[in-house]
Amino acid sequence: MDKNWKHLTAVESHPDIVSGAWVFRGTRVPVAALFENLRDGATIDQFLEWFPGVHRQDVEAVLDYEVAILSVPAAA
2 MDKNWKHLTA VESHPDIVSG AWVFRGTRVP VAALFENLRD GATIDQFLEW
52 FPGVHRQDVE AVLDYEVAIL SVPAAA
């Protein structure tokens with residue numbers, strides 16, 4: 002499976018929004034913020050509280066997508 006965020010409807014990237022970083026659709030919240038907060042020990046519920054424009058189903062879609070990517074064996 003090729004990692005191609007543009008097919009994931011939960012996120013979007015536009016050059017004029019957060020310098021083209023991937024953000025949660027309809028927000029200016031970078032997807033990277035989710036992973037940074039989880040890395041630092043935050044829960045999904047905390048992340049959603051801190052970033053009220055982000056929806057749980059979008060967070061779950063991003064995490065599910067990453068799990069799917071990581072579940073595919075690397076090409077030899």
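Per the working numbering, the very first residue in the sequence shown carries number 2; after that it's consecutive. The C-beta atom is built at its ideal place from N, Cα and C for all residues, glycine as well.
Check                                                                                          : Outcome
First through last residue of the alpha helix (DSSP H) which encompasses N38                   : V32 to R40
CB contact flag (V68, I45, <8 Å)                                                               : no
Contacting residues, own chain, Cβ-Cβ under 7 Å from V32 (five flanking each side not counted) : V12, W23, V24, F25 and V63
Segment limits, alpha helix (DSSP H) that includes D59                                         : R57 to S72
Rounded straight-line distance, which links the Cα of E50 to that of W6                        : 24 Å
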